[in-house]
Amino acid sequence: MNNKIPNFVKTNQFGLLILVIVFICIFSFSTDGFTSRFNIYALSRVVALDIMIGLAMMVVILTGGLNLSLGALGVSAAMFGGWCMESMGIPISITIILVLAFGSFLGWINGFVTVRTGVHSFIVTLATMSIYFGFMTLLTEAEAFRKLPEAFTDFGSLKLFNKYISPLLIISVLTCFVLYYIFKYTDIGRKLIAAGANPDAAELSGISVDRMFIYCHMLSGFLAALAGIMLTARIGAAIPSMAGHLGFDWLLPAFLAPVLGGTLLSGGKVTVFGTMLGAILVTLINNGLYLIDVGEFWVRFFLGIILLGAVLLDRAREYFTVKNSIVS
Amino acid sequence: MSDYILELSNITKNFPGVKALDNANFRLKKKSIHALLGENGAGKSTLIKIITGVYNQNEGKLFLNNQEKSFSSPNEAMNAGISVVHQERNLIRRFSVGENLMLTNLPKNNLGLIDYNTVAKESKKWLDIMELDIDPNTIVSDLTVAKMQLCEIAKALSLESKILLLDEPTSSLSPQDTKNLFALLKRLVAEQDVSIVFVSHKLEEVFEICDEVTVLRDGKNACESEQITNLNRQKLVKLMIGRDEQIIKSKKNIDFTDESLLDLQSINTDLGHKNINLNLKKGEILGLYGLVGAGRTELIKCVLGLDKINSGQILLNNKEIKIKSPKDALEKYKIGYISEDRKKEGLILMHDVLSNAGITVWSNLKKILSFLNDSIVYNKVDPYVKQLEVKTPSYQQIVSNLSGGNQQKISVAKWLASGTDILFIDEPTVGIDIKTKSYLHELIIELSLKGTSIILITSDMPEMISLADRIITMKDFKVVGETINNHNYEEMSSSIMGNIHE
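Protein sequence lines correspond, in order, to chains A and B. Under the working numbering, the final residue of the first sequence carries the number 1273; numbering is consecutive throughout. Under the working numbering, the final residue of the second sequence carries the number 504; numbering is consecutive throughout.
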């Protein structure tokens, strides 16, 4: 049935795309300056980060878990990077590698503890969030690194494509393609998804589920660290509070993007480009509401409402999968 | 006035793309046990769901006590006296038996708190009617599987149900428990005015306790309210599958003095297995028989490294091996395990056919940088999926949308594709229709003839006796007997039951 409708139209991504277009239209007409070069550039810098944060959460949601330490982890990694460049004088390229390795290591701790204790990652990452952030504040004495190499900070304020787009967005979009490739076209990607969908069946089919879960957490740490570097480049400094206290500022976009994008909270399904579209939608709404000038608290209110709506959507998706399975 | 308590006439139920029921009739006589039979996908479950108010029919009428009814929810059907006892247990495991029985109507005292004395007293009444010797304060999870099943029936009775639908009630019961259950059902019909709809794949049971039979095939009546006395097994099977059943027997000459391929020596495990010795020859089908809870599946899981082996040795080709995980078993030693629980452990229901059938071979197929695309997997698994005649619209179909038989075929196909030397096959045909069942039997025999060595766990005695070359009997996590199978049902079954009840 419905053979005439292309499959893409029936997907969640298509719905999101329509929503994105609708919001762009609304904000273009109802606000001044939404389509200005300045605003689009600003948007591209914000959305780049939101995509990365969303992906970092997505790869843990894949396991049926959560990573609450995402923000704390990203900021810790960024502060580590600031220290490397400013205090140790380590070259930028090596610093980036070190930061990504450090982020993966912190992610590995999350994964290892989760797998070994069998405690839900919600609790584990709640604890590590506090540990990472606390430790970072202790070591840095809550001082920022503001004298970063110019080449690094310049990259953050670079403007491409007739000065409309930040290179940060290109990094995020490229990351999406790489992740899509991994999940779609590699053995390891398939195993990650299988382990997330049904750990028992995956284990008995010869997949080391524990290892896959640890990989997911490491990947999450890697992406969060990358987001941390991007934010540092964008601000031009590594500041302990740049993602809010305990990294809380990252959590809302981190959940919104993948859940809006169609990633199942119960695990076993990823939608990389859905997450990308989800992040774009969130940033758009955020930005548009600021431009309409509804006030900071209303923006938070709306984003909360959207998250609830997205969770309802998630429930509906599960419900329909069940419904389909009854009819056999 | 007719003496039917429940009548469904000319029921049609459409699902998108499928006509699940097509003008089907079903009549349940008062105080009778009526078998509802049919292959998987024949429409049994749909019919039951219409009776219990889960679905509404598109066409046709439902009469209860000669009054036309239509239930819009399971609750309404329950209030009208129709109860289902599902294959899956519907008891709350951490609650006591009494609490479970009284759950919908818990008695309260003056303060509005639950009055546990009355709970115990009331529930005892129903347990007594069933002549069940269970203390209402027992926690459900402490009961045996059989007792849980009986409690479910007690719960249905406590709701004053006059119609009981039993869906595969014996699938996890021992022969003794089954006998007790049947005696109880007969008494309920005689003494409590209950009418029973009995759904089972085990035809022996149907002949034992049912009065009338209705068979569905492709959503239509293959027969309607036929007296059981007018039928025999062959006729019944023919009604169900539309052709005669083929009887399969394994016939092989295995030299049991040959060296063993796999050898378990004095294995003691964390789970409580005591001094297990068993060996498997090349190309042999070794049966592991035992009642539920005898520790058979658990033994296999210990061998696969999922639970700890405390002492003893596992030898493969006379060399000691240590299996750390199923991954180890598959990749290092070419040992595979087809789980008894295909929904939880065998398949990833939310994923498509291709990724389920290919999951065991991804590691082998991956190219440089772990590259793997669908067509590589497809080329590898397609021959097996074709060989097993899996009926699916495409490889992109989500597995949960397939019928039970096709699901089972896929969980078998993935192990065929992996090309293992040793296969542990656990209850391969539970809840599978006759056609697929005999197909799987042929396949298991064919595999062993081609040199795959198989350890077969099954609680289905006829299946065990037609397939196994040698039968090991287990009880309470110990091996209690070993018999070379001569495929004579009478002799073998009494010898095996003898081992168990020694």
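C-beta: ideal position from N, C-alpha, C; glycine also.
Per DSSP, which one or two residues make a beta bridge with Y441 of chain B?
DSSP lists no partner for Y441 of chain B.
If you scan the stretch 299–382 of chain B from start to end, which runs of the beta strand (DSSP E) of 3 or more residues do you find wholly inside it?
Entirely contained in the stretch 299–382 of chain B, the beta strand (DSSP E) runs reaching 3 residues are, in chain order, 311–318 and 337–340.
Which two residues bound the contiguous alpha helix (DSSP H) that contains F1025 of chain A?
Taken as a continuous stretch (DSSP letters only), the alpha helix (DSSP H) holding F1025 of chain A covers L1015 to E1031.
Using a cut-off of 7 angstroms between C-beta atoms, extract the partners of G348 of chain B located in chain A.
A1146
Quick one, which of A:D1238, A:F968 and A:G999 has its alpha-carbon nearest V1118 of chain A's?
A:G999
With A224 of chain B as the anchor, note down where its beta strand (DSSP E) starts and where it stops.
Judged by DSSP secondary structure, A224 of chain B falls within the beta strand (DSSP E) whose first and last residues are K222 to Q229.
Counting only beta-carbon atoms, is F209 of chain B nearer than 8 angstroms to chain A?
By this cut-off, F209 of chain B is not an interface position.
Does any CB atom of chain A fall closer than 8 angstroms to the CB of F373 of chain B?
Yes, F373 of chain B lies at the interface with chain A (some Cβ there is under 8 angstroms from its Cβ).
Select from the stretch 1110–1133 of chain A all residues with a C-beta closer than 7 angstroms to any C-beta belonging to chain B, and list them in chain order.
Y1130, T1131, D1132 and I1133
Here's a check: name, in chain order, each residue in its chain whose Cβ is nearer than 6 angstroms to the Cβ of V294 of chain B, leaving out the five neighbours to either side.
Cβ neighbours of V294 of chain B beyond the five flanking positions: V147 and S174.
Would you decide whether H203 of chain B is buried or exposed? Buried here means 16 or more other CB atoms lie within 10 Å of its CB.
buried
I165 of chain B and S197 of chain B: beta carbons closer than 8 angstroms?
yes
Consult DSSP for A44 of chain B and reduce its assignment to one of helix, strand or coil.
coil
Assuming L282 of chain B and I424 of chain B form a contact by the criterion Cβ under 8 angstroms, report the distance between their Cβ atoms to the nearest whole angstrom.
Contact between L282 of chain B and I424 of chain B is confirmed by a C-beta separation of about 7 angstroms, below the 8 angstroms threshold.
When the cut-off is 8 angstroms and only beta carbons count, does M104 of chain B lie next to chain A?
Not flagged as an interface residue toward chain A: M104 of chain B, since no C-beta distance is shorter than 8 angstroms.
Against chain A, with Cβ distances strictly below 8 angstroms, would S327 of chain B count as a contact?
yes
Quick check: L1191 of chain A and M1081 of chain A, are their CB atoms within less than 8 angstroms of each other?
no
For K321 of chain B, is the classification buried or exposed, using 16 other Cβ atoms within 10 angstroms of its Cβ as the cut-off for buried?
By the neighbour-count rule (16 or more Cβ atoms within 10 Å), K321 of chain B is not buried but exposed.
Would you say H353 of chain B reaches chain A, if we count a Cβ-Cβ gap shorter than 8 angstroms as a contact?
Interface flag for H353 of chain B against chain A is set, since a Cβ pair is found closer than 8 angstroms.
Does I302 of chain B come within less than 8 angstroms of chain A when only Cβ atoms are used?
no
Residues that A26 of chain B bridges to, as DSSP identifies them:
B:I13
DSSP three-state label for S268 of chain B, please.
strand
Do three or more CB pairs link the stretch 1220–1233 of chain A to the stretch 1128–1144 of chain A at distances below 8 angstroms?
no
Thinking T1040 of chain A and M1024 of chain A are a contact (beta carbons under 8 angstroms), I'd like their distance in whole angstroms, please.
No, T1040 of chain A and M1024 of chain A are not in contact; Cβ-Cβ is about 12 angstroms, not under 8 angstroms.
According to DSSP, is I7 of chain B helix, strand or coil?
strand
At a CB-CB cut-off below 8 angstroms, which residues of chain A make contact with K452 of chain B?
Ordered by position in chain A, no residue passes the 8 angstroms Cβ test against K452 of chain B, which lies about 21 angstroms from the chain.
Go to D130 of chain B, then tell me how far its alpha helix (DSSP H) extends in each direction, as first and last residue.
Y118 to I131
Can you tell me which of the three DSSP states A1183 of chain A falls into?
strand
Where do the N-terminal and C-terminal ends of the alpha helix (DSSP H) with D1194 of chain A fall, by residue?
Premise fails: D1194 of chain A is in no alpha helix (DSSP H) and is neither H nor E.
Within 10 angstroms of the Cβ of N948 of chain A, are there 16 or more other Cβ atoms? Answer buried if so, exposed if not.
Because the pLDDT at N948 of chain A is just 44, under 50, the model does not fix this residue reliably, and the point stays unresolved.
Can you name the residues of chain A whose CB is closer than 7 angstroms to the CB of E333 of chain B?
At a beta-carbon threshold of 7 angstroms, the residues of chain A lying near E333 of chain B are G1151, ordered along the chain.
Which of helix, strand or coil does DSSP assign to Q410 of chain B?
helix
Taking the alpha-carbon positions, what's the S1273 of chain A to Q409 of chain B distance?
Note that S1273 of chain A scores 25 on pLDDT, short of 50, meaning its location in the model is unreliable and no value can be drawn from it.
Quick one: which residues of the stretch 1025–1048 of chain A get their C-beta closer than 9 angstroms to a C-beta of chain B? List them in chain order.
Those would be none; no residue qualifies.
Does chain B have any CB closer than 8 angstroms to the CB of R1135 of chain A?
yes
Test: W128 of chain B CB closer than 8 angstroms to a CB of chain A
no
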